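Encoded as structure tokens, the structure appears first; notes follow it.
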Amino acid sequence: MSRVLSTEQAKSAINQVQSIINGGFTDQISALDAQGKILSDPNTWDGPLAAQFRGSTWPETKAALDKARQELEELRTQLQKISENIFSAGGGA
Numbered sequence: 571m572s573r574v575l576s577t578e579q580a581k582s583a584i585n586q587v588q589s590i591i592n593g594g595f596t597d598q599i600s601a602l603d604a605q606g607k608i609l610s611d612p613n614t615w616d617g618p619l620a621a622q623f624r625g626s627t628w629p630e631t632k633a634a635l636d637k638a639r640q641e642l643e644e645l646r647t648q649l650q651k652i653s654e655n656i657f658s659a660g661g662g663a
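Under our numbering, the first residue of the sequence shown carries the number 571, and numbering increases by one thereafter.
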């Protein structure tokens, strides 16, 4: 039989990770996206470096941010499922 253990410290850490994801980190990613869109508009910001930002820097960064947001949501969901399973199995209160 495999070991099932979930201490109060683990429960607290799970809650903290979920709180960070829910309470601000994904909001910050959305805020970065909004500012990146503004800077990607040549009517707002233009020139050789702005064009480089628009053409490669921002699209690459936005893709990484979108991937991070997706992975954070998956992490939050996995932690919730694991936590519920452990606590329902009698691993903690």
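We put the CB at the ideal spot given by N, CA and C, even for glycine. Source: prediction; values computed, not measured.
When secondary structure is reduced to three states using DSSP, LEU602 falls in the helix class. A direct Cα-to-Cα measurement between TRP628 and GLN588 gives close to 28 Å. The stretch 602-610 makes no contact with the stretch 640-659, as fewer than three CB pairs between them are under 8 Å. Apart from the 5 residues on each side of it in sequence, LEU635 sits with its Cβ closer than 7 Å to the Cβ of ILE599, LEU602, ASP603 in its chain, given in chain order.
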